[in-house]
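K.L.:
Per numbering that gives the first Met the number 0, numbering through the sequence shown is continuous, rising by one, with the last residue being 95.
Built from N, CA and C at the ideal position, the CB exists for glycine as well.
First the structure, which I've put down as structure tokens, then a few questions once you've had a look.
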Amino acid sequence: MGRKNRRRDEEARPLGPAVSSRQVEAHPDGDWIVQRTSGSAATKPYRCPGCDQLIPPATPHVVAYPAEDPSGLESRRHWHTPCWSARDRRAPRGGR
Ligand SMILES: [Zn+2]
């Protein structure tokens, strides 16, 4: 039985090398397309809307934009990974 399973290299996809994964996350303010990026392709710092600090180039971070926004790619934001995770916990309007 000299059978070899070698049909692995057909899965390569022409996506951008910096985008490792993309998923839809449900949040209180709607669905968001979320991408975890290594940041290695970044050439300039981005300002994180969560903490208002800059994300230095080559820092792994999260890119997110509203799923229902037709021009979402233009309104996408770059977040520190922990800031994105903390986003739901500090809702802008805590009704109290
Ligand atoms: Zn931040």
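1) Using a 10 Å radius around the Cβ and a threshold of 16 neighbouring Cβ atoms, would you call Cys50 buried or exposed?
2) Suppose the cutoff is 6 Å on Cβ atoms and the five residues either side in sequence are ignored; what does the same chain contact list for Glu24 look like?
3) Given Gln22, which residues of its chain have a CB within under 6 Å of its CB, disregarding the five upstream and five downstream residues?
4) DSSP on Pro81, reduced to helix/strand/coil?
5) Please determine, among Pro65, Val61 and Ala66, the residue with the shortest C-alpha to C-alpha distance to His77.
6) Out of curiosity, what's the CA-to-CA distance linking Thr80 and Pro59?
7) Run through DSSP, which three-state label would Gln52 get?
8) Could you have a look at Gly29 and say whether DSSP puts it in helix, strand or coil?
9) Quick one: give me the first and last residue of the beta strand (DSSP E) that Pro65 is part of.
P.N.:
The relevant details are as follows:
1) exposed
2) Trp31 and Val33
3) Counting only Cβ-Cβ distances below 6 Å, and skipping sequence neighbours, we find Val33.
4) helix
5) Val61
6) 8 Å
7) coil
8) strand
9) His60 to Pro65
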